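These protein sequence lines are chains A and B, in that order. FYI, in our numbering the residues of the first sequence are 42 to 449. FYI, in our numbering the residues of the second sequence are 6 to 434. To start, the structure under review is shown below, and the notes come after it.
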Amino acid sequence: MGLYKTAPPLSGRMGALWSLASVRDAAVIEFGCMGHMVYGRTFLHRMGVHGGHLYSTHLGETDIAMGDTSRLFKTVRYLMDEERPNTIFLLPSSVPEIIGVDLDALSRELSAQFPETRFFPVSAGGFGLRGHQGVEQTLLQLAGKLPKDSDKTQTPTFNIIGSCADMFRFGPDAAELSRLMEGAFHVKPLCVMTSDAGVAELERMGGAHMNLVIRREGEAAAQALQKRFGTPYLSARPYGIQGTGDWLRKIESLCGIGIDGVFLEKETAKTVEELLPLRAILQRFLRAHPEESALTLAGHTDVVSGIADFAEAEFGFRQCRRYCDCPDTQTSDMPYLGDKEKRAAADETRGFLMGSGELLRMAKRDGRMQIAYPDDMWRHNYEPPFAGFRGAVHLASLWVNEVFSSKL
Amino acid sequence: MTDIRHLKRLAAVQSMNGVGPLTPAAFPGNHCPMHTALGLGTRIKNVSTLVVGTAECGYYSRNLPLASPFPEREQGLHWTYVLDGREVVFGFRDGLISAVKEMDAAGAKVILLLITCVPELIGEDIESVRREIQPQISARLLYIPLGNFKYGSYQPGYWQTLLAMGKLIKKTARKTGTVNILGRSPGEDHIPRPELIALLARHHIPLRFIAPDASIEDFAAAGGARMNLVLSPFLEPLAEWMREEHGVPFFSLHSVYDADEIRGAYRSVGELAAIETDIVFQEAYRQAKKLQEAAKSLFGGKCYIGANIGAIQPFPLAAYLSGLGLSPVMLNTEDFYPSDKAWKDRLVRQNENPVLCLLLNEQADGAVIKELGADVILGDWGGRAETAPPTAQIMDLYGYIGYERTAALLNRIVAALPRKEGDSHNGTV
Numbered sequence: 042m043g044l045y046k047t048a049p050p051l052s053g054r055m056g057a058l059w060s061l062a063s064v065r066d067a068a069v070i071e072f073g074c075m076g077h078m079v080y081g082r083t084f085l086h087r088m089g090v091h092g093g094h095l096y097s098t099h100l101g102e103t104d105i106a107m108g109d110t111s112r113l114f115k116t117v118r119y120l121m122d123e124e125r126p127n128t129i130f131l132l133p134s135s136v137p138e139i140i141g142v143d144l145d146a147l148s149r150e151l152s153a154q155f156p157e158t159r160f161f162p163v164s165a166g167g168f169g170l171r172g173h174q175g176v177e178q179t180l181l182q183l184a185g186k187l188p189k190d191s192d193k194t195q196t197p198t199f200n201i202i203g204s205c206a207d208m209f210r211f212g213p214d215a216a217e218l219s220r221l222m223e224g225a226f227h228v229k230p231l232c233v234m235t236s237d238a239g240v241a242e243l244e245r246m247g248g249a250h251m252n253l254v255i256r257r258e259g260e261a262a263a264q265a266l267q268k269r270f271g272t273p274y275l276s277a278r279p280y281g282i283q284g285t286g287d288w289l290r291k292i293e294s295l296c297g298i299g300i301d302g303v304f305l306e307k308e309t310a311k312t313v314e315e316l317l318p319l320r321a322i323l324q325r326f327l328r329a330h331p332e333e334s335a336l337t338l339a340g341h342t343d344v345v346s347g348i349a350d351f352a353e354a355e356f357g358f359r360q361c362r363r364y365c366d367c368p369d370t371q372t373s374d375m376p377y378l379g380d381k382e383k384r385a386a387a388d389e390t391r392g393f394l395m396g397s398g399e400l401l402r403m404a405k406r407d408g409r410m411q412i413a414y415p416d417d418m419w420r421h422n423y424e425p426p427f428a429g430f431r432g433a434v435h436l437a438s439l440w441v442n443e444v445f446s447s448k449l
Numbered sequence: 006m007t008d009i010r011h012l013k014r015l016a017a018v019q020s021m022n023g024v025g026p027l028t029p030a031a032f033p034g035n036h037c038p039m040h041t042a043l044g045l046g047t048r049i050k051n052v053s054t055l056v057v058g059t060a061e062c063g064y065y066s067r068n069l070p071l072a073s074p075f076p077e078r079e080q081g082l083h084w085t086y087v088l089d090g091r092e093v094v095f096g097f098r099d100g101l102i103s104a105v106k107e108m109d110a111a112g113a114k115v116i117l118l119l120i121t122c123v124p125e126l127i128g129e130d131i132e133s134v135r136r137e138i139q140p141q142i143s144a145r146l147l148y149i150p151l152g153n154f155k156y157g158s159y160q161p162g163y164w165q166t167l168l169a170m171g172k173l174i175k176k177t178a179r180k181t182g183t184v185n186i187l188g189r190s191p192g193e194d195h196i197p198r199p200e201l202i203a204l205l206a207r208h209h210i211p212l213r214f215i216a217p218d219a220s221i222e223d224f225a226a227a228g229g230a231r232m233n234l235v236l237s238p239f240l241e242p243l244a245e246w247m248r249e250e251h252g253v254p255f256f257s258l259h260s261v262y263d264a265d266e267i268r269g270a271y272r273s274v275g276e277l278a279a280i281e282t283d284i285v286f287q288e289a290y291r292q293a294k295k296l297q298e299a300a301k302s303l304f305g306g307k308c309y310i311g312a313n314i315g316a317i318q319p320f321p322l323a324a325y326l327s328g329l330g331l332s333p334v335m336l337n338t339e340d341f342y343p344s345d346k347a348w349k350d351r352l353v354r355q356n357e358n359p360v361l362c363l364l365l366n367e368q369a370d371g372a373v374i375k376e377l378g379a380d381v382i383l384g385d386w387g388g389r390a391e392t393a394p395p396t397a398q399i400m401d402l403y404g405y406i407g408y409e410r411t412a413a414l415l416n417r418i419v420a421a422l423p424r425k426e427g428d429s430h431n432g433t434v
């Protein structure tokens, strides 16, 4: 992977941890040196992730030299005495990956000793895996192993797949989508995978009538659920008035439930009304200052695409420069935001910039324009969303505030 | 769960390898030494760092350079070298050399190579790489091994880094009158300037403060000092090394608690600095002696558990308290310093052989500590609000030295201990 002058991309192990950390009624044990989990837990708490109990065994030189795995067994015994979680995720760690610790085999041994507990060895340990692969593999593993056989729920329900800690504002975005689903179709979420899910919700996923995949890494999990339960899925992330309306209409086609027209009309009208003055100010500014009319966006591919399309189509930004935060998902239209690109974006003083807290700090820009990690702030799940109708108003207010705070 | 048979006693421990966790599940545990090494590196002007390790090491630690107190021009470069799967198997020598050369070309003056778990484990010979490329670059390259599996906490990140920074000290035959204060910043105001340092300042003795916000130049000139006064255990290995390499005598003031020993240490410092100390501190000495006597009468036959006391070192403290009759039964031991061998021998000579442990899970550890039946717990722990056993918080005494620290320590322990009818209070004690 090499030299990084700024934050490097996430590892697969981090993607796995960040996907699992919010799962309630479960514990995560990292069989490895404790420094990773100390850092990881602090970061997750800062990102607003609570729920799962995160433990580390720590490892000493002797454990490594002797291939001693007894710390893992002792930690599990402690958890069984103190908490009795019904599911324990065994998280791969870098040092055991090198010395060849077989988490699958250990999991089988543990299952024999503690038959009442489900041990779940997480697969994303390899050194070649990046964060998005860790998220993808973990969601797929969860979808493959946890759901129980079940009939569809009597009243229609849905799952959200891919709401994980690595997506900035994951909680508010998932809440906005659930609100829209309840309003438009009078359906409730069965499982918000993984940011608002316990083991029980994950086990019930098969009962949902549809799966809403809100990031590309969730698609493999949705396909597995479709194969096993016949659940149709939609892979899309709605931004803006048009985008959100289209998203709801696609869901209507997918699930065969008619949209509540009154709700959609009211929501649309309300959003249009709230956006009207914001649009007037912003569009006037962009027309008067064409040199400021570029919007640079850097973050998760699906987030960047969605916000950029909204900004161009509904607000008249003349140019949206798009950067993704994962080297593996880059395209010619959306290159990876490496060190060089970060520096260039940070050095550009004109136009609007939305990206990670790190990038905005490098650029000495307003931290409110953050749409991606990393940052060094404490976050919670009561902040406004970016997705959906409410997200549209929020985004527009950010751009207008940027005009008043630093452009005039 | 009060079974602590898995733990070793002090006499049987040679290094951190012998110190086990009190309870098995770290929740969350201690920071790794890379965290503090990087934190220190970002607070020394013009020092650059290269964290070598996994994406976890590189990503999670970015907040430290982001929070650097220095403006960009003085900040140094704080970069990361992330190993990929191929390098884990076949080594990363070429990539590391290339990265260091790029940092050198970008203007780094001193580069700390912070080598974390994976590169330490796979056995890449970093020291030979360092020796090989040092002549080819203008930046000074320092190798700091920080594998988390060798240590129980963050503390080696501090002392290993400061020890490595010692390599920047220039050899000089001419000693000046300057006194190096190791472990305190010149502008530090959250802890009052210790009494001895204030005395030296009153006598216009030039002081050089070697602490996180010192400059490279401060380190470079430190070898010409008359003596080192060590206020922090994190600087003790550097002081020992400076004594051997640069002939600078040192006085370890952070580990001295006993009133007579403090007087002896101050006297020695005074002789080297040509100032009188006995009379100046006569009243403080008298008060400390009085407190010690009173404490002795109260401590006799009692025992304590050393919990989380931060950077205060458990063995010097245990040796002192044991001398007053307060015996250590279990000590949270976050690191085994080079100097701890001598403290271990001293404690064993005092017939003390406490159990050593690492406290990594406040809730679980708290339950065990509570059941062990010590008379008092020193430091922070899961039962800090309990009255049985009572707690004396002492973590904030880090940075204090001398009579004032001893007085505060004894007063807090005495105040925490339950009183029997007839125990005298005698003013403060």
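Glycine included, C-beta positions come from ideal geometry on N, C-alpha and C. This structure is a prediction, so every number in the text was calculated from the model and none was measured.
How long is the line joining the alpha carbons of residue i and residue j, rounded to whole angstroms?
i              : j              : result
residue 249(A) : residue 438(A) : 35 angstroms
residue 373(A) : residue 340(A) : 16 angstroms
residue 117(A) : residue 201(B) : 51 angstroms
residue 350(B) : residue 63(B)  : 40 angstroms
residue 188(B) : residue 168(B) : 13 angstroms
residue 99(A)  : residue 73(B)  : 29 angstroms
residue 139(B) : residue 125(B) : 20 angstroms
residue 235(A) : residue 79(A)  : 21 angstroms
residue 325(B) : residue 263(B) : 6 angstroms
residue 157(A) : residue 67(A)  : 13 angstroms
residue 423(B) : residue 241(A) : 49 angstroms
residue 51(A)  : residue 60(B)  : 6 angstroms
residue 147(B) : residue 321(A) : 58 angstroms
Take the Cβ of residue i as the centre, count every other Cβ of all protein chains shown within 10 Å, and call the residue buried at 16 or more, exposed below.
i              : result
residue 429(B) : The predicted position of residue 429(B) is uncertain, since its pLDDT is 48 and thus under 50; a value taken from the coordinates is nonetheless stated next. Looking at its Cβ environment, which holds fewer than 16 other Cβ atoms inside 10 Å, residue 429(B) is exposed.
residue 424(A) : exposed
residue 328(A) : exposed
residue 284(B) : exposed
residue 67(B)  : buried
residue 446(A) : exposed
By Cβ distance below 6 angstroms, which residues in the same chain neighbour residue i in space, the five residues on each side in sequence not counted?
i              : result
residue 23(B)  : 13
residue 293(A) : 300
residue 28(A)  : Because chain A in this structure spans residues 42 to 449, residue 28(A) falls outside the shown range and cannot be described.
residue 481(B) : Residue numbering for chain B in the displayed model covers 6 to 434; residue 481(B) lies beyond these limits and cannot be assessed.
Within the same chain, show all residues whose beta-carbon is closer than 8 angstroms to that of residue i, passing over the 5 residues directly before and after it, in chain order.
i            : result
residue 9(B) : 27, 335, 360, 362, 373, 377
In chain order, what residues of the same chain lie with their CB nearer than 7 angstroms to the CB of residue i, ignoring the 5 residues before and after it?
i              : result
residue 312(A) : 282, 430, 433, 434
residue 177(A) : 258, 261
residue 7(B)   : 373, 376, 377
residue 315(B) : 400, 403
Using a Cβ-Cβ cut-off of less than 9 angstroms, give me the residues of the stretch 103-128 of chain B that come near chain A, in sequence order. Those residues of the stretch 103-128 of chain B that come within reach of chain A (Cβ to Cβ, closer than 9 angstroms) are 103, 104, 107, 108, 111, 121, 122, 123, 126, 127.
Three or more C-beta pairs below 8 angstroms linking the stretch 145-165 of chain B and the stretch 26-45 of chain B: Yes, the stretch 145-165 of chain B is in contact with the stretch 26-45 of chain B.
Below 8 angstroms, how does it come out for the stretch 47-56 of chain B and the stretch 119-130 of chain A: are there three or more Cβ pairs, yes or no? The stretch 47-56 of chain B is not in contact with the stretch 119-130 of chain A.
Cβ-based contacts, 9 angstroms cut-off: residues of the stretch 93-108 of chain A near chain B: Taking 9 angstroms as the Cβ-Cβ cut-off against chain B, the residues of the stretch 93-108 of chain A that qualify are 94, 95, 96, 97, 98, 99, 100, 101, 102, 103, 104, 105.
Contact set between the stretch 152-167 of chain B and chain A, restricted to residues whose Cβ is under 7 angstroms from the partner: Within the stretch 152-167 of chain B, the residues whose Cβ lies closer than 7 angstroms to some Cβ of chain A are 153, 154, 155, listed in chain order.
Counting beta carbon pairs with one atom in the stretch 353-363 of chain A and one in the stretch 401-418 of chain A, are three or more of them shorter than 8 angstroms? No, the stretch 401-418 of chain A does not touch the stretch 353-363 of chain A.
Output, in sequence order along the chain, the residues in the stretch 117-141 of chain A whose CB is closer than 8 angstroms to any CB in chain B. Under the 8 angstroms Cβ criterion, the stretch 117-141 of chain A contributes 118, 119, 120, 122, 123, 135, 136, 139, 140.
Three or more C-beta pairs closer than 8 angstroms, one from the stretch 222-231 of chain B and one from the stretch 325-345 of chain B: is that the case here? These segments do not touch.
Touch check for the stretch 276-290 of chain A and the stretch 400-414 of chain A: three-plus C-beta pairs under 8 angstroms? Counting Cβ pairs under 8 angstroms, fewer than three are found: no touch.
For the stretch 254-274 of chain B and the stretch 388-396 of chain B, state whether three or more C-beta atom pairs, one from each stretch, are separated by less than 8 angstroms. The stretch 254-274 of chain B is not in contact with the stretch 388-396 of chain B.
Taking 8 angstroms as the cut-off, does the stretch 273-287 of chain B touch the stretch 298-310 of chain B (at least 3 CB pairs, one atom from each stretch)? The stretch 298-310 of chain B, when compared against the stretch 273-287 of chain B, does not touch it at the 8 angstroms Cβ threshold.
Pairs of beta-carbons, one from the stretch 189-207 of chain A and one from the stretch 164-171 of chain A, closer than 8 angstroms: are there three or more? Contact between the stretch 189-207 of chain A and the stretch 164-171 of chain A is not established, with fewer than three Cβ pairs separated by less than 8 angstroms.
Residues of the stretch 15-38 of chain B whose Cβ lies closer than 7 angstroms to any Cβ of chain A, in chain order: Under the 7 angstroms Cβ criterion, the stretch 15-38 of chain B contributes 22, 26, 28, 29, 30, 31, 32, 33, 34, 35, 36, 37.
Evaluate the contact criterion for the stretch 154-164 of chain B versus the stretch 337-349 of chain B: three or more CB pairs, one atom per stretch, below 8 angstroms. Contact annotation: the stretch 154-164 of chain B touches the stretch 337-349 of chain B, with at least three C-beta pairs closer than 8 angstroms.
Quick one: any contact between the stretch 85-101 of chain B and the stretch 126-138 of chain B, if contact means 3 or more CB pairs under 8 angstroms? Touching, yes.
Given 8 angstroms as the limit, is there contact between the stretch 329-339 of chain A and the stretch 385-395 of chain A, that is, 3 or more CB pairs closer than that? The answer is yes - the stretch 385-395 of chain A touches the stretch 329-339 of chain A, with three or more Cβ pairs under 8 angstroms.
Taking a Cβ distance cut-off of 7 angstroms, strictly less, list which residues of the stretch 44-72 of chain B are near chain A, in chain order. Of all residues in the stretch 44-72 of chain B, only 59, 60, 61, 63, 64, 65, 67, 68, 71, 72 place a beta-carbon less than 7 angstroms from a beta-carbon of chain A.
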